[in-house]
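**Student:** Residue numbers (this note's numbering), protein chains in the order written: chain F, 43 to 498; chain W, 3 to 447.
Ideal Cβ positions, reconstructed from N, Cα and C, are used throughout, including at glycine.
One structure follows; several queries about it will come next.
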Amino acid sequence: MTRSPRNAREAASPRVLVETDRAIPLVDVDLVVRGGSAQDPIGREGLARLHARLLRRGTLRRALPNGTTIPARSADTLEEAIESLGGALSIDVSSSAVRLHGSVIRRNLEPFFALLASLLTAPALRKDELAYVRREVEAELVAQLDNDRWLAARAFRHALFGGHAYGRSTTGTPRSLAAITLAEIRAHHEATVRGDAVIVAFAGDVAEAEARALVDAHLGDLSSGAPLPAILDDPPSPRGTHIVVVDKPDRTQTQLFIGTLGARMGDRSFYPLLVANTVFGGTFSARLVAEVRSKRGWSYGAQSRLYADRARDAWSVYTHPSIENARDCVALELDLIERFVLDGVRARELSFAKSYLVRSHAFDRDTAAKRLEPYVESSLFGLPLAFFLDYVGHVSAVTLDDASRVVRSHLGGPSHRGTDRVVAILGPAAQLERSLASLPGVTSIRVVAHGDVASL
Amino acid sequence: MLPPMPSPPRARHAGSVPFGDRLRIERYVLDNGLELLVLPDPSAAIVSYHSWFRVGSRDETQGKTGQAHLLEHLMFIATERFAEGEFDRLVEKAGGESNAATWVDWTYYYENLPSSELPLAIDLEAERMHRLVLAAPRVKSEKEVVLSERRDRVEDDIDGAVSEALFAAAFGRAHPYGWPTIGWQRDIEAFSARDCASFYRRHYAPDRASIIVAGDVDAEAVARRVAKAYGAIRPSRVTRLDVPQPRKLRAQERSLRLPTPTEKVALAWRAPRFVDPDHAAAVIASQILTGGRSARLYRELVEEQELATDVRASVSPFEHHALFDLWISAREGVAIDRVIGRAEKAIARLTEELVSGKELEKVKNRLELGFLAALETIPGKAEQIGFSATVTGDPSHAFRRLEEYRRTTAADVARVASAMFTSPRVLIRVLPQATKKPKATRRAA
């Protein structure tokens with residue numbers, strides 16, 4: 043049995059959400075802190091992520107409101123303790139949130155939650171650990187040079203969003219990472235880890251009363267403060283067709299992203315654009331897959347995706363054609379997008395996409411953690427719960443006119459013709475640059491060495 | 003007098019086994035040998051329909067590698083009743099998703115659907131088990147898709163390229179466990195529609211398959227529908243070939259020059275096969291070394307010494323022969339031989355010292371967490387049942403395995419580690435190849 047999660051505390055305390063499911067003796071606990079990498083100051087890209095990494099590098103001794111004391115722990119003893127309890131912790135930093143995701147076997151929930159909470163309430167934030175985490179992230183940036191898809195995706199976002207928060211690196215660049223000081227990390231902690239900016243979500247084998255008691259005991263004394271701004275300005279839309287080639291020799295295939303701006307989460311255009319994206323490249327039956335994969339066999343992976351956040355994030359198309367087919371594949375995809383913008387969505391496609399989205403929604407709610415997600419997102423984005431909970435109603439209400447209109451207004455760009463977009467392609471520039479420059483309607487083409495992508 | 007009516011196909015109930023404390027698997031067998039395993043689970047209004055075939059890359063021959071995987075792709079294209087593209091359209095219109103996977107011992111297909119759409123899954127899967135259409139033009143274009151997949155997973159992927167070299171070195175390129183499941187490129191390029199049809203007829207039949215249905219369903223009703231849809235399909239009666247004994251593993255070391263900024267190493271030793279009682283101890287040994295941030299090698303190489311960015315190990319879940327493989331990526335500027343030396347000391351320690359009770363308990367708790375996480379969803383349960391039934395013959399083997407982990411002692415770990423790690427091993431170093439740094443340019447087109 044499940045029931046609607048309830049807000050267990052008033053403002054200035056963490057919002058507590060609980061979805062009980064006794065099927066498996068497992069509990070998922072998410073500590074979600076509003077304010078992600080979009081808040082990183084210019085020149086300090088990577089600050090939110092570095093801070094998040096530093097949280098698990100040791101905690102201070104702390105007295106709880108109930109009088110008990112949590113001992114200080116080094117990074118090693120923290121990790122040892124988490125894993126000894128049959129727990130796992132991952133930390134994800136997005137544009138709008140930092141999420142500490144924990145899972146633990148049921149019998150160890152209480153000590154596990156105590157550990158997790160101590161990361162927020164009593165992190166050591168030590169200088170030597172900042173130096174360690176900085177070296178760790180720098181080493182990861184080097185390791186990412188093996189990850190072609192990541193390199194192309196990073197170049198795509200940089201080209202699409204430019205200096206907007208979405209175009210700046212969540213990970214940070216070698217230069218910005220070097221500039222971040224411990225004082226800035228501590229100030230960031232003070233500003234973001236506040237009772238009214240934290241959401242605590244429990245899903246699984248835990249009762250609401252128990253969850254509430256855990257939060258009261260371990261997070262009940264978080265300070266309050268001014269909430270972070272919920273609004274983020276939209277990035278400017280690209281004008282014309284801009285290509286960035288990420289030069290990586292010795293490749294047999296490319297990594298190709300094409301796209302433009304999508305829709306703001308909560309905007310009226312969001313659901314029509316979601317349906318339109320499903321038509322274009324959201325299923326195996328979609329236009330993109332039929333043309334690129336099924337008919338031509340050019341790319342094993344072929345999909346389009348709508349990213350949603352507080353401001354207009356990206357709508358992008360991803361494929362990985364061979365070097366030989368790259369120019370033709372780019373030309374085909376640009377043409378598919380233009381035709382999509384000019385001709386709109388067909389009635390049969392609309393009906394199919396809506397049927398798929400509505401009926402597959404059961405899989406968005408098949409676990410306790412997934413059932414809790416609309417409540418987390420509503421709270422995180424400051425949007426009405428109905429925007430998320432009435433997914434089926436919103437999708438069902440999309441008309442042919444709605445879908446075609448948002449394709450023109452959003453994917454069509456300022457020209458409303460689908461010719462305003464960014465293309466990022468990774469491969470040998472010596473073979474790609476000239477052939478791509480010869481495509482009709484290209485406004486600019488730029489080559490970036492793959493080793494320089496981490497500095498973008 | 004009228005001739006007697008042929009009796010309708012029937013699914014014989016062949017027992018019931020517990021799947022944890024709350025659920026039970028109902029087992030049925032059809033006259034044509036098809037096994038049906040149903041797990042009624044009303045926790046969500048969905049159904050996960052899996053078809054596991056006892057055919058994988060080990061059933062191929064030299065020169066025809068990648069056949070099982072290519073056929074997996076072709077199974078989604080067209081059948082006698084369903085035109086090209088219709089399979090995906092029907093599943094997606096019903097709100098479902100379908101996909102498949104192939105490895106050495108098996109190939110499986112699944113549909114995850116709202117539970118009301120179960121009849122669609124039965125209809126589609128029964129149809130493609132015996133009425134697949136393999137037209138030459140589509141075989142040709144799907145070969146291109148597979149070659150694209152190979153470029154993505156092997157040619158342009160460091161780990162994929164090294165993995166291929168590691169298994170070929172450990173088992174030999176002529177052994178079925180030594181060639182890649184995706185196939186060698188020239189073999190993929192050479193397949194004809196006739197090759198695919200021949201492989202399909204030989205290996206796709208009810209007596210080579212298990213159907214797993216998990217979700218909000220009634221077991222008896224499922225059995226009646228499955229019997230009706232599959233009952234008339236003829237069995238292949240082809241006996242699966244034994245996997246040959248691989249040659250004795252020779253100690254080997256080689257270096258590959260690849261376009262990567264840092265040095266890496268992959269090591270492999272022969273390990274107990276999945277059904278061997280010692281497989282659990284081998285998995286525990288892998289977890290002691292690399293399972294999580296507090297594991298021995300992670301802590302030493304990544305955290306304390308800052309020599310590596312990544313360490314991981316696994317024991318292959320294969321039916322007949324397995325490998326213990328260990329992968330380490332060095333940090334920029336670190337010579338991989340420094341890392342190898344430390345890794346070998348940690349491995350030697352496993353064979354020489356008993357792991358403490360506390361460390362063993364930590365690893366067991368981590369494994370229990372992983373076991374539970376795999377059972378969180380209905381598709382996850384269906385996959386566990388399908389894998390277990392296909393590889394071990396016991397559909398609830400995942401629970402047996404958890405008990406085996408719990409029973410494993412420090413002495414077991416030391417014994418199995420000694421047997422593995424004192425045997426010859428394969429070592430592949432990856433060294434960066436020099437590349438010219440191009441000059442960045444910008445111009446208007």
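Excluding five sequence neighbours on each side, which residues of the same chain lie with their C-beta closer than 7 Å to the C-beta of F/Tyr398?
**Tutor:** Thr320, Thr325
**Student:** Exposed or buried, which one is F/Ser364 when buried takes at least 16 other CB atoms within 10 Å?
**Tutor:** buried
**Student:** Whose C-beta lies closer than 7 Å to the C-beta of F/Glu87 among residues of the same chain, with five residues either side of it excluded?
**Tutor:** Arg210, Ser211, Gly214, Thr215, Ser218
**Student:** Would you list the one or two residues that DSSP bridges to F/Thr302?
**Tutor:** F/Trp357
**Student:** Helix, strand or coil for F/Asp247? Go by DSSP, reduced to three states.
**Tutor:** coil
**Student:** Which value, in whole angstroms, describes the spacing of the CA atoms of W/Glu62 and W/Tyr179?
**Tutor:** 10 Å
**Student:** Report the three-state DSSP secondary structure of F/Phe155 (helix, strand or coil).
**Tutor:** helix
**Student:** Is there at least one Cβ from chain W nearer than 8 Å to F/Ile467's Cβ?
**Tutor:** no
**Student:** Pull up the distance between the alpha-carbon of F/Ala410 and that of F/His458, whole angstroms please.
**Tutor:** Taking the straight line from one Cα to the other gives about 42 Å.
**Student:** Taking a Cβ distance cut-off of 8 Å, strictly less, list which residues of the region 371-401 of chain W are near chain F, in chain order.
**Tutor:** Leu371, Leu374, Ala375, Leu377, Glu378, Thr379, Ile380
**Student:** Do you know offhand how far W/Ser53's Cα is from W/Thr241's?
**Tutor:** About 19 Å.
**Student:** Establish whether the CB of F/Pro67 and some CB of chain W are separated by less than 8 Å.
**Tutor:** yes
**Student:** Which two residues bound the contiguous alpha helix (DSSP H) that contains F/Leu348?
**Tutor:** Per DSSP, F/Leu348 belongs to no alpha helix (DSSP H); it is in the beta strand (DSSP E), 344-348.
**Student:** Where W/Ile36 and W/Leu328 are concerned, what is the direct C-alpha to C-alpha distance, given to the nearest angstrom?
**Tutor:** First, the residue type needs correcting, since residue 36 of chain W is Leu and not Ile in the sequence shown. Cα to Cα, W/Leu36 sits roughly 38 Å from W/Leu328.
**Student:** Hey, does W/Val135 have any beta-carbon neighbour from chain F nearer than 8 Å?
**Tutor:** No, W/Val135 does not count as interfacial toward chain F.
**Student:** Chain B partners of W/Arg333, CB-CB under 7 Å?
**Tutor:** The displayed structure is made up of protein chains F and W, and chain B is not among them.
**Student:** Do you know offhand how far F/Val490's Cα is from W/Asp159's?
**Tutor:** 21 Å
**Student:** Here's a check: name, in chain order, each residue in its chain whose Cβ is nearer than 6 Å to the Cβ of F/Leu131, leaving out the five neighbours to either side.
**Tutor:** Ile124, Gly144
**Student:** Rounded to a whole number of angstroms, what is the C-alpha to C-alpha distance between F/Phe198 and W/Ile387?
**Tutor:** In a straight line, the C-alpha of F/Phe198 is about 41 Å away from that of W/Ile387.
**Student:** CB W/Ala284 to CB W/Val418, shorter than 8 Å?
**Tutor:** yes
**Student:** Smallest Cα separation from F/Gly204: which of F/Phe244, F/Glu250, F/Pro277, F/Asp408?
**Tutor:** F/Pro277
**Student:** On the three-state DSSP scale, how would you describe F/Asp170?
**Tutor:** If DSSP states are grouped into helix, strand and coil, F/Asp170 belongs with the helices.
**Student:** Of all the options F/Leu422, F/Leu274, F/His403, which has the alpha carbon lying nearest to the alpha carbon of F/Ala353?
**Tutor:** F/Leu274
**Student:** Mapping DSSP to helix, strand and coil, what is W/Ala276?
**Tutor:** The sequence shown places Phe at residue 276 of chain W, rather than the Ala named in the question. DSSP, read as helix, strand or coil, puts W/Phe276 in coil.
**Student:** Within the 8 Å Cβ cut-off, does F/Val495 reach chain W?
**Tutor:** no
**Student:** Taking only the alpha-carbon atoms, compute the straight-line gap between W/Pro434 and W/Glu157 and give it to the nearest angstrom.
**Tutor:** 15 Å
**Student:** For the pair the region 101-111 of chain W and the region 163-183 of chain W, tell me if three or more CB-CB distances fall below 8 Å.
**Tutor:** Yes, the region 101-111 of chain W is in contact with the region 163-183 of chain W.
**Student:** If you measure between the beta carbons of F/Gly128 and W/Arg368, is that distance less than 8 Å?
**Tutor:** yes
**Student:** Using 8 Å as the cut-off, can you tell me whether the region 202-217 of chain W makes contact with the region 230-240 of chain W, which would need three or more C-beta pairs spanning the two stretches below that distance?
**Tutor:** yes
**Student:** Pick helix, strand or coil for F/Asn108, following the three-state DSSP scheme.
**Tutor:** coil
**Student:** With respect to the alpha helix (DSSP H) encompassing W/Glu129, which residues constitute its N-terminal and C-terminal limits?
**Tutor:** Taken as a continuous stretch (DSSP letters only), the alpha helix (DSSP H) holding W/Glu129 covers 120-132.
**Student:** So W/Val147 contacts chain F; which residues on that side make the cut at Cβ distance below 7 Å?
**Tutor:** Arg335, Gly339, Tyr342
**Student:** Do the CB positions of W/Ala221 and W/Val40 come within less than 8 Å of each other?
**Tutor:** Taking 8 Å as the cut-off, the Cβ atoms of W/Ala221 and W/Val40 count as close.
**Student:** Considering only residues of the region 369-413 of chain F, which uninterrupted alpha helix (DSSP H) runs meet the minimum length of 4 residues and lie entirely inside it, listed in chain order?
**Tutor:** 389-401
**Student:** Along the beta strand (DSSP E) that carries W/Ala16, what are the first and last residues, could you check?
**Tutor:** For W/Ala16, the enclosing beta strand (DSSP E) begins and ends at 13-21.
**Student:** So is F/Gly78 buried or exposed if we call it buried at 16+ other beta carbons inside 10 Å?
**Tutor:** Classification for F/Gly78: buried.
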